[in-house]
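In case it helps, my numbering puts the sequence shown at residues 6 to 288. Below: one structure, written as structure tokens.
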Amino acid sequence: MRFSMKMKAYAKINLYLDVVRKRLDGYHDLEMVMIPIDLFDVLEITVAEETTMECDKAYIPVDERNTVIKAYHLMKKSFAIQDHHHIRLVKNIPAQAGLAGGSTDGAAVIRIFNQMYQLNLTDQQMIDLAILVGADVPFCLFEKSAKVEGIGEIVTPINRKLDFYLFLIKPKFGISTKALFEQFKVSNVKGDTFESMVNALENDDYSAMCNSVFNRLQQEAIRVNPQIEKIVNELLSFGFDCAAMTGSGSVIYGITQNEELVNRAVDAFVFKYPFVKKTRIIG
6 MRFSMKMKAY AKINLYLDVV RKRLDGYHDL EMVMIPIDLF DVLEITVAEE TTMECDKAYI
66 PVDERNTVIK AYHLMKKSFA IQDHHHIRLV KNIPAQAGLA GGSTDGAAVI RIFNQMYQLN
126 LTDQQMIDLA ILVGADVPFC LFEKSAKVEG IGEIVTPINR KLDFYLFLIK PKFGISTKAL
186 FEQFKVSNVK GDTFESMVNA LENDDYSAMC NSVFNRLQQE AIRVNPQIEK IVNELLSFGF
246 DCAAMTGSGS VIYGITQNEE LVNRAVDAFV FKYPFVKKTR IIG
């Protein structure tokens with residue numbers, strides 16, 4: 006057993022998100038194409054005399070409200086782990102952004118415990134644990150582009166060949182996933198670019214990928230806060246080939262294969278919005 010382990014926890018972007026139906030249990034079945042990006046938190050877990058958690062950002066809770074603590078207690082209970090631990094979280098992914106910041110931290114807890122205690126869990130066993138923590142947690146386990154279906158528990162890796170840059174903007178406001186879904190009305194009109202997005206990523210077809218970008222939640226988010234549409238249009242006018250909201254927001258991303266364009270965007274927007282980031286796919 007290792008007494009301490011540190012791990013990066015990567016953010017995600019939704020290139021495609023459709024809400025298929027509302028289930029009887031109140032959750033929604035989704036169709037998503039998700040990619041991990043080079044923006045990450047750092048989680049470190051060390052065996053200690055008592056269980057404590059610290060975070061470098063004061064606004065992040067370090068109690069049961071944090072996905073890290075939820076995943077931590079799940080792993081301890083599931084595998085009868087008696088040790089106490091000190092948990093340290095360095096938080097770089099903004100909250101209420103649609104980047105799976107909480108989910109990826111929870112996934113990192115599962116991965117750390119699996120390695121630290123040599124649990125030798127299969128991918129499916131980790132997914133079964135992860136979905137108990139949160140809907141995006143199964144995807145975040147693997148750091149690989151994937152189709153994600155159901156409530157997040159069906160994860161099918163994509164053999165991605167396409168590469169590009171992403172530029173992220175988060176406005177001052179965040180969006181609560183729970184609140185947005187409570188207001189959302191499922192459409193009878195289904196998105197039609199789910200498989201074409203997958204094919205574009207696998208076949209290095211940049212134009213088809215841009216044409217397949219879709220987020221069913223975006224119009225509802227714009228209704229709540231019209232600034233989202235303004236930022237999308239700003240990115241398109243700046244020269245990005247496509248732009249959309251990720252997840253339930255509030256981060257909006259622009260995509261390009263021109264690195265110089267992204268560098269200019271950082272300079273142009275860094276003083277206009279509280280969070281901007283140049284990034285790219287990592288898996």
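Even for Gly, the Cβ is constructed at its ideal location relative to N, Cα and C. Computed from a predicted model, the values in this text were never measured in an experiment.
Judged by pairs of C-beta atoms under 8 angstroms, the region 132 to 144 touches the region 99 to 117, as three or more such pairs exist. Going by beta carbons, L173 and K282 fall inside the 7 angstroms limit.
Between the alpha carbons of L48 and M37 lies a gap of roughly 26 angstroms. Taken in chain order, the unbroken stretches of alpha helix (DSSP H) that lie wholly in the region 220 to 253 and span 4 residues or more are 223 to 229, 232 to 243. The three-state reading of DSSP puts E59 in strand, counting E and B together. Excluding sequence positions up to five before and after M121, its CB lies within less than 6 angstroms of the CB of R7, M10, all in the same chain and listed in chain order. In this structure, the alpha-carbon of L79 lies about 30 angstroms from that of I286. Excluding residues up to 5 positions away in sequence, Y170, F172, T261, K283 lie with their Cβ nearer than 7 angstroms to the Cβ of V267 in the same chain. Take S181, set aside five residues on each side of it, and the residues of its chain with a beta-carbon closer than 8 angstroms to its own are Q101, S253, in chain order. Each of L167, D168, R165, V142 was checked against the Cα of E158, and the nearest Cα belongs to V142.
For D68, the CB contacts under 7 angstroms within the same chain, skipping 5 residues up- and downstream, are I74 in chain order. Burial is judged here by how many other beta carbons sit within 10 angstroms of a residue's own beta carbon; V275 has fewer than 16 and is exposed. Here the alpha carbon of E187 sits roughly 42 angstroms from the alpha carbon of E54. Counting only runs of 3+ residues, the beta strand (DSSP E) found wholly inside the region 43 to 97 occupies 57 to 60, 89 to 95, in chain order. When beta bridges are read from the DSSP output, S212 appears opposite no residue. By the Cβ-count criterion, R70 is exposed, with fewer than 16 other Cβ atoms from all chains shown falling within 10 Å of its own Cβ. For F219, the closest C-alpha among the options T198, G139, N204 is that of T198.
It is roughly 26 angstroms from the alpha-carbon of R165 to the alpha-carbon of N97.
In this structure the region 26 to 42 lies against the region 139 to 156, because at least three pairs of beta carbons, one per stretch, are closer than 8 angstroms. Closest in C-alpha terms to F280, from the list K175, K195, M250, comes K175.
The criterion of a C-beta distance shorter than 7 angstroms is satisfied by T72 and D110. When the five nearest sequence neighbours on each side are left out, the beta carbons in the same chain lying within less than 6 angstroms of the beta carbon of D209 are those of K166, L167, in order along the chain. Going by beta carbons, A16 and L94 fall outside the 7 angstroms limit. Per DSSP, D23 is one residue of the beta strand (DSSP E) stretching across 9 to 27.
One alpha carbon belongs to Q87, the other to Q130, and they sit about 21 angstroms apart. One alpha carbon belongs to Q123, the other to G106, and they sit about 26 angstroms apart. Under the three-state reduction of DSSP output, P41 falls in the strand class. By the criterion of a C-beta distance shorter than 6 angstroms, G244 is surrounded in its chain by L266, once the five residues flanking it on both sides are discounted.
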